[in-house]
Each structure stands twice: as structure tokens, then as C-alpha cells.
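Residue numbers (our numbering), protein chains in the order written: chain A, 6 to 212; chain B, 3 to 261.
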């Protein structure tokens, strides 16, 4: 019985270790794909075993990082941003204010014991992993950053107008381990997604 | 005596060091950037035109509405000018350009009402502040298009636009409009800054090609002219939203030192 419990605990600990602890908005996109390489979500146990070897060398203090995919081009289709229908008999001019926050420009994800914390508007890695990754200045956003676009649509009678966003971005992912006095205290996978361009698409359909 | 001289020397040396260190520390210089852009807006009731500027100092008077006396849009090649009504100033995303952080600032204006299309080929924005300072900024090309009554209805289904392949700048390469039914023969397509655009119609998709140029272009209206003399106008639509405009715009960027 003890053996079974021990085995169960071992399996559970492995599962928990690779559990996707945190995810950002980009993982909620309708569709997202990479031009090459894999998303962190798609790393297999074998991938983790291979990549962890690169960060297993002990260090007095700080992060050891192994980047697997470096700024790989990604394309995505986001969720519907706006949907409005007109079941009347005359066209309606509808004004929409589209607000894009910094949290929609950058997305982070982590597995294992690497943690994320929420800034005022955008997530950050815990224990200063962001600095260890030496990401370029493009990845920095101010806390209160937002961009507002005002749009006007003419919605014909008996139709519904939807606004979608699709676009391009860059994905950087890999594994990292943090050491403190030569003791490994955190280990896991990380992923950073940066939106570079968004294309807006307007669709109209009969209701 | 020697001790006094020693103390004096130490003090003098400290002052010299302070002065040298102060000179070595680069003084912060407020700057403003514009990127040559093709702006095109329909002259309709309550239409808003948005011009983008970038500043590295958010406390500067130029983005303080109460400090702005008037704003004039003029053409440096002609004598055309018009005073614009400021609607609002709004902040956008931040970008790093030559190691400095710039914030995008949207200057929104009420689109003026004119009886004919008005084109500013080399558009400059003159901002006059209440302290009598004046700043002249290059915008690019600005067009205000006359709005026609909707004479022909196009039962459109979708509208979007793309950049050219491998063009990282925020510039439309083509616009795609899908529609239901038959379209009357099109004689001309324009977006304000460009007339007579080439296009192709395959099945139910109208693809409009926009020539390459050294200007950004992301928010335009669309006007189709048909052979029976009628027109169809699609209002302004923000086709592209970019977050790395300065990084990719290089020689199209104009830098202005602010006081």
C-alpha cells in the first residue's frame, strides 16, 4: 500500500511540475501558429529532459537560461472584438472605441515552478527572470499603456457586423532554472509573446 | 599653512570633478518625432482626423491641451492652410527609438467641411502655444475627401487590408473587399491620397493594389466610381495597428528638438 501511495505521489509531483501554472491572453486566441519550432504548451517530457540539461550546471546565484525558440514569427487570429446587429428597418451608424492595453501587446506563460505575477496591467515573471532573458526594449511596456482607436460603422438593417483582429508577433521560449547558493530553487519553461502587427477585419452577415 | 592649502586643493579638485561629471552626464533633451504618413479622411459630420506624433517628454506643453493656442495645417509647397479644431489629445503605446522611450500621441481633430476634395501634398502642422512658441512639424500627405450621398449600395461582406510581403513598415499594400451579388463596372477606385488604383475582381472579391511609397498608410476611406456615374464610399477604417512603427520607419522619421 505504501508503495502505491509513494508511486502515486511521484506521478502527481511530475504532473504538477509540468503543469502550465500561468498563461496570458494570447493563449486564448482562436488560432495561433509558429513559422517554425514549438510553443511551450507543445513541449514534450523528452523536450524538457533535453533542454533542462542545458540549465543544470550549478550556479552560485541567479538564473541559468536556455532559449529554444528565439523571436520566431507567429501568426494569430484573435477573438471577436466587436459584434453589433441591427434588427430595425433603417441603417444605424455605430461608433466604437477600440482600446488596446499593454496586456494585449505582450503575453507571458510559464511552466514548472517558474511563476508569474501581475503588474498593474501586464504580467511579469517572478524573481527577475525578465532581466535574465535580456529581452530587447521592444518588450518593455509602461504600466498604464493603452491605445484607443475610434471607429464608425454603418450597420445595415437585418445585418450583424463583427470586428476581428488577426496579426503577427514574435515568440521566444525555452527553459530556465534559478539558483541560490548553488541550490536549484526554481525550474521550468517560459514563453514570451509579443504582438508586432494587428490587422483588423470587418465582417457583415445577414441575421 | 600647508594644511590650509591642502584643504583648498581638495575642495577645488572636488568642484572640478563635480563640473566634469555634470558635463559628462548627457542633459535630457525633449524631442518630438513625426513619421511621414498618408492621412486621408472623409469630410462627414462629426468625422475625426487623427495625426500621430511621438514625444519623449510627457510633461511638455505641446501635449497639454490648455497650453495650445491654435493648430494650423498647411502645405509647404502651396499657400493652402486651414486652422483645425482640436478634439482631444490621447496617449498611445510606447516605443524605443535610439535608446530613448517615446510615447505615441494622437492629436484628434474635427475634420473640416469643404466643398471640394482638399489635398496637402507636403503637409505641415503648425502648433502655436500660449507662450508664443511655435513648432512646425512635417506630417506627410493629408487629404480631406468630399463625402457623397451613397448613390450605389454595395452589399459587402468583409473588409480587410494587408502590408506587402516582407514590408515591416505600417503601410497598406492591398485592400480586399468581398461582396454578394454583381458589381456594376468600376471605372475608378481612390483612397484620397491615391486615385486610379489598380484592382482585380476574382469571384466575389475585389482586391485593390496600393502603390509603394515612402509614407506610412494604415487608415483610409475607400471610394468606388461606377460607369453609370454613381459612387460607393466605405468610411475610414483602421486596417493596420502596429506596435513597432519607429523601429521600422527609419528615414521616414522627422526629429524635432523641443525647448
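Using N, Cα and C, we set each Cβ at its ideal position, and we do this for glycine too.
Residue 128 of chain A vs residue 138 of chain A beta-carbon contact at 8 angstroms: Your numbering for residue 128 of chain A matches position 123 in the first chain. Your numbering for residue 138 of chain A matches position 133 in the first chain. No; because the gap between Cβ atoms is not below 8 angstroms, this pair is not in contact.
Distance between beta carbons of residue 129 of chain B and residue 176 of chain B, contact taken as under 8 angstroms: Stepping through the second chain from its first residue, residue 176 of chain B is reached at position 174. Stepping through the second chain from its first residue, residue 129 of chain B is reached at position 127. So it is not a contact: roughly 34 angstroms between Cβ atoms.
Simplified DSSP state of residue 220 of chain B, which is helix, strand or coil: The residue you call residue 220 of chain B lines up with position 218 of the second chain. Residue 220 of chain B falls in the coil class under three-state DSSP.
Straight-line gap, residue 183 of chain B to residue 211 of chain A (C-alpha atoms, nearest Å): In the second chain, counting from the first residue as 1, residue 183 of chain B sits at position 181. In the first chain, counting from the first residue as 1, residue 211 of chain A sits at position 206. Those two C-alpha atoms are separated by around 14 angstroms.
For residue 184 of chain A, the nearest candidate out of A:54, A:55, A:70, A:48 (CA to CA): The residue given as residue 184 of chain A occupies position 179 in the first chain. Out of A:54, A:55, A:70, A:48, A:70 has the C-alpha closest to the C-alpha of residue 184 of chain A.
8 angstroms Cβ cutoff, residue 240 of chain B in contact with chain A: Along the second chain, read from residue 1 onward, the residue named residue 240 of chain B stands at position 238. With 8 angstroms as the cut-off, residue 240 of chain B counts as an interface residue toward chain A.
C-alpha gap between residue 27 of chain A and residue 152 of chain A, whole angstroms: One-based indexing of the first chain puts residue 27 of chain A at position 22. One-based indexing of the first chain puts residue 152 of chain A at position 147. Any answer about residue 27 of chain A is weak, because its pLDDT of 46 lies below 50 and its placement is not dependable; what the coordinates show is given next. Looking at the two C-alpha atoms, the distance is approximately 26 angstroms.
Best match in B:167, B:107, B:148, B:6 for proximity to residue 91 of chain B [C-alpha to C-alpha]: As a first step, residue 91 of chain B must be located in the second chain, where it is residue number 89. The option with the nearest alpha carbon to residue 91 of chain B is B:107.
Member of B:53, B:80, B:79 whose CA lies at the smallest distance from the CA of residue 88 of chain B: Stepping through the second chain from its first residue, residue 88 of chain B is reached at position 86. Closest option to residue 88 of chain B, Cα to Cα, is B:53.
Under 8 angstroms between C-beta atoms of residue 162 of chain A and residue 74 of chain A: As a working mapping, residue 162 of chain A is identified with position 157 in the first chain. As a working mapping, residue 74 of chain A is identified with position 69 in the first chain. Not a contact, by the Cβ cut-off of 8 angstroms.
DSSP-derived helix/strand/coil call for residue 251 of chain B: Position 249 of the second chain, counted from the start, is the residue given in the question as residue 251 of chain B. If DSSP states are grouped into helix, strand and coil, residue 251 of chain B belongs with the helices.
Exposure of residue 223 of chain B, with buried meaning 16 or more beta-carbon neighbours within 10 Å: As a first step, residue 223 of chain B is located in the second chain; it is residue number 221 there, counting from the start. Looking at its Cβ environment, which holds 16 or more other Cβ atoms inside 10 Å, residue 223 of chain B is buried.
Three-state secondary structure assigned by DSSP to residue 26 of chain A: The residue given as residue 26 of chain A occupies position 21 in the first chain. Confidence is the limiting factor: at residue 26 of chain A the pLDDT is only 43, short of 50, which leaves the residue's position unreliable and the question unanswerable from this model.
Reduced DSSP category for residue 90 of chain B - H, G, I as helix; E, B as strand; rest coil: Here residue 90 of chain B is taken as the residue at index 88 of the second chain, counted from 1. Residue 90 of chain B falls in the strand class under three-state DSSP.
Candidates B:113, B:163, B:13, B:73, of which the one nearest residue 148 of chain B by Cα: Mapped onto the second chain, residue 148 of chain B falls at position 146. Among B:113, B:163, B:13, B:73, the Cα nearest to that of residue 148 of chain B belongs to B:113.
Close beta carbons around residue 99 of chain B, own chain, < 8 angstroms, minus the five adjacent residues each side: Within the second chain, the letter at position 97 stands for residue 99 of chain B. So the qualifying residues of the chain are 35, 56, 248, 249, 255.
Per-residue DSSP class, three states only, for residue 196 of chain A: Here residue 196 of chain A refers to the residue found at position 191 when the first chain is read from its first residue. Looking at residue 196 of chain A - three-state DSSP - the assignment turns out to be strand.
Proximity test, Cβ basis, 8 angstroms: residue 18 of chain A and chain B: Counting from one through the first chain, the residue named residue 18 of chain A turns up at place 13. Summary for residue 18 of chain A: the model assigns pLDDT 45, below 50, so the residue's position carries little reliability; its value from the coordinates is reported in the next sentence. It does not; no Cβ of chain B falls within 8 angstroms.
Residue from B:94, B:102, B:232, B:210 whose Cα sits closest to the Cα of residue 29 of chain B: Working through the second chain from its first residue, we reach residue 29 of chain B at position 27. If we check each option's Cα against that of residue 29 of chain B, B:102 comes out closest.
Buried/exposed call for residue 13 of chain B, threshold 16 Cβ in 10 Å: To locate residue 13 of chain B, count along the second chain from 1; it is residue 11. It is exposed - the Cβ of residue 13 of chain B has fewer than 16 other Cβ atoms within 10 Å.
Counted within 10 angstroms of its Cβ, other Cβ atoms place residue 31 of chain B as buried (16 or more) or exposed: Here residue 31 of chain B refers to the residue found at position 29 when the second chain is read from its first residue. Taking a 10 Å sphere around the C-beta of residue 31 of chain B, we find fewer than 16 other C-beta atoms and assign the residue as exposed.
Which of helix, strand or coil DSSP assigns to residue 17 of chain A: For the purposes of this step, residue 17 of chain A is taken as residue 12 along the first chain, with counting starting at 1. Caution is warranted here: a pLDDT of 43 is assigned to residue 17 of chain A, below 50, making its placement in the model unreliable, and the coordinate value is therefore given only provisionally. Of the three classes helix, strand and coil, the one that applies to residue 17 of chain A here is helix, per DSSP.
Contact between the segment 63-80 of chain B and the segment 227-236 of chain B (3+ Cβ pairs under 8 angstroms): Because the criterion of three Cβ pairs below 8 angstroms is not met, the segment 63-80 of chain B and the segment 227-236 of chain B do not touch.
For residue 203 of chain B: DSSP bridge partner residues: As a working note, residue 203 of chain B is residue 201 in the second chain. For residue 203 of chain B, which the question treats as bridged, DSSP gives the partners B:208.
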